[in-house]
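For reference, the structure discussed in these notes is given below.
In this note's numbering, the protein residues as written are 47 to 220.
Here is the structure:
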């Protein structure tokens, strides 16, 4: 399970008082308001997953927005194939600054090494989302920040300048 592995990886650089796991009835449905309220009451930060298909992405993002609106910093994990869906949901729901954690697609049928790679992507990006830190230089637009996250997921060994060059299309898309 990526979330539990991500929690272990995050625990190497952060001290958590408690880690809680919640499961909703269906990945392709929004969490019920009672579950969102319970999570918001009991958690200081949240890692929600995983947007790796259309309906799952929409619901993952909507759950993150519901938690953010209750004041809980939330890192929503989505895959590279569903970044545009995330942007559409963010805009439609008025959360222009929601910055997702973007990991390489796919997440099903991957090797242990690929799981470890995704966990590393989650570990690095989630901390930045929770702390409200931009992933690129100050003044970066949302699209530039998304491009930086995609770059880190797709090209983890490249520096930021070469990622920007490789992903110039991402900041030019409507």
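Every residue, glycine too, gets a C-beta built ideally from N, C-alpha and C. Note that the structure is a prediction, hence the values are computed from the model and not measured.
Beta-carbon separation (whole angstroms), residue i vs residue j, contact threshold 8 Å
i, j, result
"residue 82", "residue 112", "5 Å"
"residue 161", "residue 148", "Residue 161 to residue 148, Cβ: 16 Å. No contact."
Own chain partners of residue i with C-beta closer than 7 Å, once the 5 adjacent residues on each side are dropped
i, result
"residue 68", "81 and 85"
"residue 76", "105, 108 and 109"
"residue 159", "none"
Contacting residues, own chain, Cβ-Cβ under 6 Å from residue i (five flanking each side not counted)
i, result
"residue 135", "104 and 107"
"residue 110", "94, 120 and 122"
"residue 47", "Annotation note: pLDDT 46 at residue 47 (below 50); position unreliable, no value reported."
"residue 65", "53"
Under 8 Å between C-beta atoms of residue i and residue j
i, j, result
"residue 175", "residue 139", "no"
"residue 164", "residue 150", "yes"
"residue 97", "residue 126", "no"
"residue 102", "residue 62", "no"
Residues near residue i by beta carbon distance below 8 Å, same chain, minus five either side
i, result
"residue 118", "85, 86, 89, 90, 91 and 92"
"residue 229", "Residue 229 lies beyond the residue range present for the chain, which begins at 47 and ends at 220; the question has no answer from this structure."
"residue 51", "161, 162 and 165"
"residue 60", "173"
"residue 100", "128 and 131"
Residues bridged to residue i [DSSP beta-bridge criterion]
i, result
"residue 93", "121"
"residue 147", "123"
The ligand GTP heavy atom lying under 7 Å from the CB of residue i
i, result
"residue 140", "By its list of ligands, the structure shown contains no ligand whatsoever, and the ligand GTP lies outside what it can speak to."
**OP:** Determine, using beta-carbon pairs with one atom in the region 53-67 and one in the region 165-174, whether at least three such pairs fall under 8 Å.
**Re:** yes
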